[in-house]
Amino acid sequence: LKKYFPVTGPFGRLGGIKGQVKAVNDVTLKLYEGETYGLVGESGSGKSTTGRTILRLTEPTGGKVLFQDKDIFQASKKEVRRLRKDIQMVFQDPYSSLNPRKRIGKILEEPLIIHTNVSKNERRERVFDILEKVGLGMEHYYRFPHEFSGGQRQRIGLARALVVNPKIVICDEPVSALDVSIQSQVINLLQKLQDDFHLTYLFITHDISVVRHISDRIGVMYLGNIVEEGRNEDIFAKPLHPYTQALFSAVPRTNRGGKRERIVLKGEIPSPLNPPSGCMFHTRCPFALEKCRIEVPQRKEMKQDHYVACHLYE
Ligand code: SF4
Ligand code: MG
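In full-length UniProt numbering, each residue carries its 1-based index in the sequence shown increased by 17.
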């Protein structure tokens, strides 16, 4: 998958195209039915753009996304609409997309009007049902968005995504705006809903402890690339890529009692407008070799399902 954004000069389009930001440079991943795939990285690593491009909320620059043998990027408008029923997205702040003048019940009925042709009564039944499933009640049907707390709004966001019975939910930082105490409630709810609805999650977050708690497999992103991917237990037991090692070292170990030495990276994440040559991490990597500035490291399978792109492992 590739997604580049053109960057224009000081006078917008008239200033001409100055370059492009390779927000998603080279992302390859598989999502298996029923799993939770955690996509983790610092802000600006391209995680959200990956999620949005999969759904074609932004048009891709290249690559393909296959869902049930269909290429989403080649699909007609009508097919895309159907795909959007099967693949839903949940955002960090659902409030911004909840119409303040509409009652919750009506907001939750909208996806059913768009994606199904069930009767008015049936719609109402389904909304009552989904409200209960996300831990709200029938009485909330008549309330307005401002009457809810942050955690409750995220429950509404989940209800809106799930009311059409999707197969995949792309969750983009769904708990990052919530208080820590509320975070765990919503995460537990996400896990319960996954079982109830047989959902597959692509879970996007910068929060290592969240990704560790919820994921079956994890992909680590840096400047638009997945630099390492593996099963949760493998990647935490033995992170291979120097970036993963640094990222994970910031989180205290909860088991084994051992202390992990914190690896502090030098410098900032480079601008994606002018990314480093070779291995994009070489400007900050404590182990950089001569060839790292020149050659792009290729993804290599180190053990089953555990991939890394780094010259140290060649
Ligand atoms: Fe570091 Fe080189 Fe590996 Fe990149 S390829 S992470 S610079 S050792
Ligand atoms: Mg983001």
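Beta carbons are placed, not taken as given, at the ideal position from N, Cα and C, and that holds for glycine. Keep in mind that this is a model prediction, so the values were computed, not measured.
- Taking a contact as a CB-CB distance under 8 Å, the pair residue 126 and residue 140 counts as one, their CB atoms being some 5 Å apart.
- The beta carbon of residue 39 sits closer than 7 Å to the beta carbons of 21, 241, 289 and 292 from its chain, once the five residues preceding and following it are set aside; these are given in chain order.
- The stretch 233 to 247 and the stretch 55 to 75 touch, with three or more beta-carbon pairs separated by less than 8 Å.
- Counting along the chain, residue 127 sits inside no beta strand (DSSP E); it lies in the alpha helix (DSSP H) bounded by residues 121 to 132.
- Judged by pairs of C-beta atoms under 8 Å, the stretch 61 to 79 does not touch the stretch 153 to 170, as fewer than three such pairs exist.
- With contact defined as three or more Cβ pairs closer than 8 Å, the stretch 142 to 149 and the stretch 186 to 196 are not in contact.
- Excluding residues up to 5 positions away in sequence, 324 lie with their Cβ nearer than 7 Å to the Cβ of residue 318 in the same chain.
- Assigned with DSSP and collapsed to three states, residue 42 falls in coil, not helix or strand.
- Residue 218 sits away from residue 62, with the two beta carbons spaced by 7 Å or more.
- Judged by the Cβ position, residue 265 fails to qualify as a neighbour of the ligand SF4 at the 6 Å threshold, every heavy atom of the ligand being at least this far.
- Membership of residue 263 in the alpha helix (DSSP H) is indicated by the continuous run 259 to 266.
- Per the C-alpha coordinates, the member of 149, 243, 262 and 226 positioned closest to residue 206 is 149.
- For residue 229, the closest C-alpha among the options 265, 198, 199 and 209 is that of 265.
- In chain order, 56, 106, 187, 189, 219 and 221 place their CB closer than 8 Å to the CB of residue 68, counting only its own chain and leaving out the 5 sequence neighbours on each side.
- In the structure shown, residue 324 adopts extended strand secondary structure according to DSSP, grouped into three states.
- Comparing alpha carbon positions, the residue from 296, 198, 278 and 302 closest to residue 284 is 302.
- Shown here, residue 115 sits in coil according to DSSP, grouped into three states, outside any helix or strand.
- Taking the CA atoms as reference points, residue 133 sits about 41 Å from residue 252.
- Contact check for residue 168 against residue 199 passes: the beta carbons are separated by less than 7 Å.
- When distances are taken from the beta-carbon of residue 314 to the heavy atoms of the ligand SF4, the shortest one is below 6 Å.
- A residue is called buried when at least 16 other Cβ atoms come within 10 angstroms of its Cβ; residue 49 does not meet this threshold and is exposed.
- Listed as beta-bridge partners of residue 234 by DSSP are 54 and 248.
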